Each structure stands twice: as C-alpha cells, then as structure tokens.
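Report on the structure given below.
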Amino acid sequence: RARTAWGGGDSWGSAAAGDKEKVTIVIKFDQPGLGLKIHDGTYSGFDVDVATYVAEQLGYAPDKIEWKEAVSAQRENLIDNNQVDYIVATYSITDERTKRVDFAGPYLVTGQSLLVQANNTDITSKDSLAGKILCSVKGSTPAQKIKDEFPTVQLQEYPNYSACVEALKSSKVAAVTTDEVILAGYAAQSPGAFKLVGGTFSEENYGIGLKKGDTELLTKINDALTKMEADGAWAAAFEKNLGPAGIETPAPPAIAATN
Ligand code: GLU
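Here the numbering used here runs 96 ahead of the position in the sequence shown, where the first position is 1.
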C-alpha cells in the first residue's frame with residue numbers, strides 16, 4: 097500500500113484505498129461558479145461538486161474532506177510535496193504539467209477568452225490586443241500563451257484572478273485573460289460591470305491532478321467521473337454552478353487518463 101504523507105497528521109493510508117481519516121482536496125477559493133469559499137465557511141462551484149462526488153466514490157463523506165486553497169502557480173508543488181490527495185482547480189491538462197502530475201478526466205472543456213469593462217469598445221478579440229495592458233495569473237496556461245504568442249501585450253501576472261478582476265474594475269488593466277468559464281463567473285458576480293469578448297482562442301481540458309504513478313487513484317477517480325457523467329450528476333452540477341453565468345450545459349467530455 098502506498099504511503100501518502102501530507103501535513104494533516106494522518107500520514108498513513110491512501111486516498112485510493114479509502115483508509116485515510118480525511119481526504120485533502122485542493123480547489124480555488126476565489127473563482128465564482130467553480131471554486132469559491134463562502135463567508136460561512138462552506139464552498140461552492142462546479143469543481144467543488146466534482147471533487148465532492150469523487151470523494152464520496154472513494155469512501156469519503158463530505159465531512160471527511162479537508163479543503164485547501166491553491167493559487168495556480170502552486171499546484172505542481174503541492175502534488176510533488178505530497179501535501180494533497182488530488183486537485184480540482186480549473187487545472188488544464190498539458191504536456192509540461194504531465195511531467196510532474198498525472199491527470200484524471202478531462203471533466204470540463206473550455207478555452208481562453210477576454211474580459212473587459214462593459215463600456216470598452218477598443219478590445220473586441222485577440223486581434224486587438226497590441227500594446228494593451230492585460231492581467232492574468234502566474235503559472236497559468238493563459239499567461240503562458242500571451243507571453244508566447246502576443247509579444248506586444250504588456251502582461252501583468254497576479255497571484256489570482258480575483259486580484260486581476262479588481263484591477264480591471266479600477267482600470268489599472270484593460271482586460272483580464274483566462275478560461276471563458278472563469279471569466280463568465282466573475283461577470284455574473286458583478287452584473288453590468290464587465291463583458292466577455294472575442295470567443296475562445298485555446299482549448300483547455302480540465303483534469304484532476306494527482307501524484308504521478310498512483311494508477312490506483314487515477315483509475316478510481318476516472319471511474320467516479322465516468323459514473324458522475326452517466327448518472328446525470330455531472331449535468332446537474334454544471335447547470336447549477338455555471339448556468340447562472342449564462343453557459344449552456346454541454347455534453348460531458350470523454351474520460352481518459354493522462355499520465
Ligand atoms: N486552466 C488554466 C490553467 O490551468 C487557467 C486557469 C487557472 O489558472 O486555474 O492554468
């Protein structure tokens with residue numbers, strides 16, 4: 097049996113075997129519709145619901161979940177350092193990340209887009225970004241794409257997206273760029289303040305990140321996702337969390353391990 101050591105004092109046991117006292121799951125705390133910590137200490141969002149469903153399938157009731165926040169740039173390190181069992185945090189599957197992390201899923205497909213102030217008229221798509229000040233997040237795929245493909249953009253990299261949205265609100269940046277589902281969540285939170293423009297210009301496949309080589313856990317998480325998609329819980333969670341942001345519930349993606 098694999099030893100899963102993490103900071104919670106329950107260092108023996110494995111999440112796959114369901115014999116730990118608690119399962120430790122990383123989510124975002126500041127992304128409405130996906131992973132959000134609410135003032136009363138509860139959590140909401142599509143990632144939270146997916147993570148909770150998977151935990152239940154692994155043998156952990158909701159009260160046996162320990163939620164941990166990670167900003168985008170910390171995710172690989174948390175897995176490397178055995179500090180968490182799995183990550184459900186708008187985490188795109190990429191070749192680079194797969195060197196350090198195995199991914200179950202994908203459980204959601206989205207793409208990079210742009211959020212601007214509602215009255216903005218000069219940014220209409222990725223083709224009108226020359227010279228503009230954009231905000232994205234350190235360690236994210238959208239920030240990397242801007243650096244690789246949009247050399248004239250003045251990119252500001254913040255630790256998290258809610259800080260970018262604050263900067264947009266106060267006109268410190270002209271646009272925020274990240275995945276469309278994330279931006280739609282912020283737009284819905286501040287009605288009338290922002291708009292999404294330009295459609296999507298990348299494909300982001302969200303996976304559940306876990307320790308490289310833990311094939312037992314990978315298989316069990318994929319089985320749980322397959323079940324969630326088949327029994328209607330996936331569509332219900334999508335509709336509940338992302339419907340209010342105006343996103344139509346799509347057909348669920350086909351599950352296939354990336355390791
Ligand atoms: N899905 C992208 C990524 O994994 C952007 C969202 C995020 O930073 O969490 O980097």
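A virtual CB, placed ideally from N, CA and C, is assigned to each residue, including glycine. What you are looking at is a predicted structure, and each value in this text was computed from that prediction instead of being measured.
Cβ distance (whole Å) where residue i is taken to contact residue j below 8 angstroms
{"i": "residue 249", "j": "residue 174", "result": "Between residue 174 and residue 249 the Cβ distance is about 29 angstroms, and since that is not below 8 angstroms, they are no contact."}
{"i": "residue 129", "j": "residue 141", "result": "6 angstroms"}
{"i": "residue 194", "j": "residue 294", "result": "Their Cβ separation, rounded to whole angstroms, is 28 angstroms, which puts residue 194 and residue 294 out of contact at 8 angstroms."}
{"i": "residue 37", "j": "residue 300", "result": "Not covered by the structure: residue 37. The range shown for the chain is 97 to 355."}
Candidates the options, of which the one nearest residue i by Cα
{"i": "residue 269", "options": "210, 354, 189, 151", "result": "210"}
{"i": "residue 171", "options": "188, 156, 162", "result": "188"}
{"i": "residue 126", "options": "276, 267, 293, 256", "result": "256"}
{"i": "residue 212", "options": "167, 325, 158, 291", "result": "291"}
{"i": "residue 131", "options": "168, 323, 226, 223", "result": "168"}
{"i": "residue 251", "options": "229, 264, 296, 320", "result": "229"}
{"i": "residue 351", "options": "235, 304, 342, 335", "result": "304"}
{"i": "residue 115", "options": "243, 222, 160", "result": "160"}
Status (buried if at least 16 other CB within 10 Å, exposed otherwise) for residue i
{"i": "residue 181", "result": "buried"}
{"i": "residue 316", "result": "buried"}
{"i": "residue 120", "result": "buried"}
{"i": "residue 192", "result": "exposed"}
{"i": "residue 217", "result": "exposed"}
Alpha-carbon to alpha-carbon, residue j and residue i
{"i": "residue 133", "j": "residue 151", "result": "18 angstroms"}
{"i": "residue 178", "j": "residue 197", "result": "11 angstroms"}
{"i": "residue 356", "j": "residue 200", "result": "The chain is shown from 97 up to 355; residue 356 falls before or after that span and cannot be answered."}
{"i": "residue 225", "j": "residue 327", "result": "43 angstroms"}
{"i": "residue 312", "j": "residue 281", "result": "34 angstroms"}
{"i": "residue 104", "j": "residue 117", "result": "Because the pLDDT at residue 104 is just 43, under 50, the model does not fix this residue reliably, and the point stays unresolved."}
{"i": "residue 272", "j": "residue 288", "result": "16 angstroms"}
{"i": "residue 206", "j": "residue 337", "result": "15 angstroms"}
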